[in-house]
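Engineer:
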Amino acid sequence: EAAAPILSVNNIEVIYDHVILVLKGVSLTVPKRGIVAILGANGAGKTTTLKAVSNLLRAERGEVTKGSIEFDGNRIEKLSPNELVRRGCIQVLEGRHCFGHLTIEENLLTGAFTRRDGNAAIKEDMEKVYAYFPRLRERKNSMAGYTSGGEQQMCAIGRALMSRPKMILLDEPSMGLAPQIVEEIFEIVKDLNAKEGVSFLLAEQNTNMALRYATYGYILETGRVVMDGDAKMLRENEDVKEFYLGVS
Ligand code: ATP
Numbered sequence: 016e017a018a019a020p021i022l023s024v025n026n027i028e029v030i031y032d033h034v035i036l037v038l039k040g041v042s043l044t045v046p047k048r049g050i051v052a053i054l055g056a057n058g059a060g061k062t063t064t065l066k067a068v069s070n071l072l073r074a075e076r077g078e079v080t081k082g083s084i085e086f087d088g089n090r091i092e093k094l095s096p097n098e099l100v101r102r103g104c105i106q107v108l109e110g111r112h113c114f115g116h117l118t119i120e121e122n123l124l125t126g127a128f129t130r131r132d133g134n135a136a137i138k139e140d141m142e143k144v145y146a147y148f149p150r151l152r153e154r155k156n157s158m159a160g161y162t163s164g165g166e167q168q169m170c171a172i173g174r175a176l177m178s179r180p181k182m183i184l185l186d187e188p189s190m191g192l193a194p195q196i197v198e199e200i201f202e203i204v205k206d207l208n209a210k211e212g213v214s215f216l217l218a219e220q221n222t223n224m225a226l227r228y229a230t231y232g233y234i235l236e237t238g239r240v241v242m243d244g245d246a247k248m249l250r251e252n253e254d255v256k257e258f259y260l261g262v263s
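Residue numbers (the UniProt record's numbering): 16 to 263.
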């Protein structure tokens, strides 16, 4: 029953620029095939937590100075972002970051850069991405920069899928999108999780939406986990309702 987690973050501390302490001992676990949410206000440390896992902190002059991170049974703090992608752990950055001057299809192809299994397999996976995201198929020859925010978010997730990930670190997928599009994207995340077995660690300010799709959540405040629990418990918790769900 107690299956080994796909990800465990153990008491990590993150410092930017050698002095700015941003994560002050964060621990969390993502079970295999789980969807887990990191919640909290702007600046609480959600993005930093994801980047600590994907090892994208260095580009921001940040570093993990304490604690450990295990992915799929191995310590990963010293691995490069590319090596992590090869092992099945990939981040979808906040703000989507598609290549605006490439078509949707070209963007998807860039997601296969770590693979060595040839064009047939890549083509097959592209079809799979289009099956999950029919809007991307419709727009495959459009320059990504001219597609809608929702399509760009789908493109960013689709591109990550092209690396055949075991886990996606998904940063604020709802940002700037209409509720209906957010729901569409979360439904696809749920499907990918159920049918492909992809695990998700999801940073969201949209607590309500995140707790509808995640099974477990962690609430961060100024670099510390102040509460965690099953999504259902968090949705019903009075403090969570008051401070994060906009219901008093
Ligand atoms: P958001 O939703 O705005 O991304 P967040 O919860 O993801 O918020 P982080 O982006 O992780 O929060 O930021 C946490 C804290 O770290 C903030 O106080 C932020 O100002 C600080 N911070 C983030 N990046 C850097 C950096 N490169 N250098 C210094 N401080 C940083």
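Beta carbons: idealized from backbone N, C-alpha and C, even for Gly.
Nothing here was measured: the structure is a model prediction, and the numbers come from that model.
With 16 as the cutoff for other CB atoms within 10 Å, does residue 69 come out buried or exposed?
Structural biologist: Translated into the one-based positions of the sequence shown, residue 69 becomes position 54. By the 10 Å Cβ count, residue 69 comes out buried.
Engineer: What does the alpha-carbon distance come out to for the pair residue 122 and residue 116?
Structural biologist: Here residue 122 corresponds to residue number 107 of the sequence shown, with the count starting at 1. Here residue 116 corresponds to residue number 101 of the sequence shown, with the count starting at 1. If I take the Cα positions, the gap works out to 9 Å.
Engineer: DSSP has residue 239 in a bridge; who is on the other side?
Structural biologist: Sequence index remark: in the sequence shown, residue 239 carries index 224 (1-based). Residue pairing of residue 239 in beta bridges, as defined by DSSP: 236.
Engineer: Does the beta-carbon of residue 187, which I'm using as the reference point, lie nearer than 7 Å to any heavy atom of the ligand ATP?
Structural biologist: Start at 1 with the first residue of the sequence shown, and residue 187 comes out as number 172. Yes - the ligand ATP has a heavy atom lying nearer than 7 Å to the Cβ of residue 187.
Engineer: Under 8 Å: do the segment 129 to 147 and the segment 219 to 231 share three or more Cβ pairs, one atom per stretch?
Structural biologist: no
Engineer: In whole angstroms, give me the CA-to-CA distance for residue 179 and residue 251.
Structural biologist: Taking the sequence shown and counting its residues from 1, one reaches residue 179 at position 164. Taking the sequence shown and counting its residues from 1, one reaches residue 251 at position 236. Using only the alpha carbons, I get a separation of about 35 Å.
Engineer: May I have the straight-line CA-CA distance separating residue 76 from residue 255, to the nearest angstrom?
Structural biologist: By 1-based counting over the sequence shown, the position of residue 76 is 61. By 1-based counting over the sequence shown, the position of residue 255 is 240. Cα to Cα, the separation comes out at about 33 Å.
Engineer: Quick one: is residue 214 buried, meaning 16 or more other Cβ sit within 10 Å of its Cβ, or exposed?
Structural biologist: As a working mapping, residue 214 is identified with position 199 in the sequence shown. Buried.
Engineer: What residues match up with residue 113 in a beta bridge as DSSP calls it?
Structural biologist: To locate residue 113, count along the sequence shown from 1; it is residue 98. Answer by DSSP bridge pairing: none, since residue 113 is not bridged.
Engineer: Is the beta carbon of residue 28 closer than 8 Å to that of residue 80?
Structural biologist: The residue given as residue 80 occupies position 65 in the sequence shown. The residue given as residue 28 occupies position 13 in the sequence shown. In this structure, residue 28 lies closer than 8 Å to residue 80 by Cβ.
Engineer: Leaving aside the five residues before and after residue 263 along the sequence, list all residues of the same chain whose C-beta is less than 6 Å from its C-beta, in chain order.
Structural biologist: Along the sequence shown, read from residue 1 onward, the residue named residue 263 stands at position 248. Below a pLDDT of 50, predicted positions are generally treated as unreliable, and residue 263, at 40, falls in that range; no measurement from the model is reported.
Engineer: Quick one: residues in its chain with C-beta nearer than 8 Å to the C-beta of residue 242, no 5 flanking neighbours on either side, listed in chain order?
Structural biologist: Here the question's residue 242 lines up with position 227 in the sequence shown. Shown here for residue 242: same chain residues with a beta carbon closer than 8 Å to its own, the five before and five after excluded, namely 233, 234, 249, 252, 254 and 255 in chain order.
Engineer: Residue 167 by DSSP, collapsed to three states: which one?
Structural biologist: As a first step, residue 167 must be located in the sequence shown, where it is residue number 152. Helix.
Engineer: Can we say the segment 180 to 188 touches the segment 104 to 114, given the rule of at least three CB pairs closer than 8 Å?
Structural biologist: The segment 180 to 188 vs the segment 104 to 114: in contact.
Engineer: Do the CB positions of residue 259 and residue 203 come within less than 8 Å of each other?
Structural biologist: As a position in the sequence shown, residue 259 is number 244, starting the count at 1. As a position in the sequence shown, residue 203 is number 188, starting the count at 1. No, the pair does not count as a contact, with Cβ atoms beyond the cut-off.
Engineer: Can you check the segment 155 to 222 for any alpha helix (DSSP H) of at least 4 residues that lies completely inside it and give the ranges in chain order?
Structural biologist: 164 to 176 and 194 to 206
Engineer: Compute the Euclidean distance between the alpha carbons of residue 35 and residue 44, then round it to the nearest angstrom.
Structural biologist: Translated into the one-based positions of the sequence shown, residue 35 becomes position 20. Translated into the one-based positions of the sequence shown, residue 44 becomes position 29. Looking at the two C-alpha atoms, the distance is approximately 25 Å.
Engineer: Shortest alpha-carbon distance to residue 55 belongs to which of 238, 174, 245 and 120?
Structural biologist: Translated into positions along the sequence shown, residue 55 becomes position 40. The shortest Cα separation from residue 55 among 238, 174, 245 and 120 belongs to 238.
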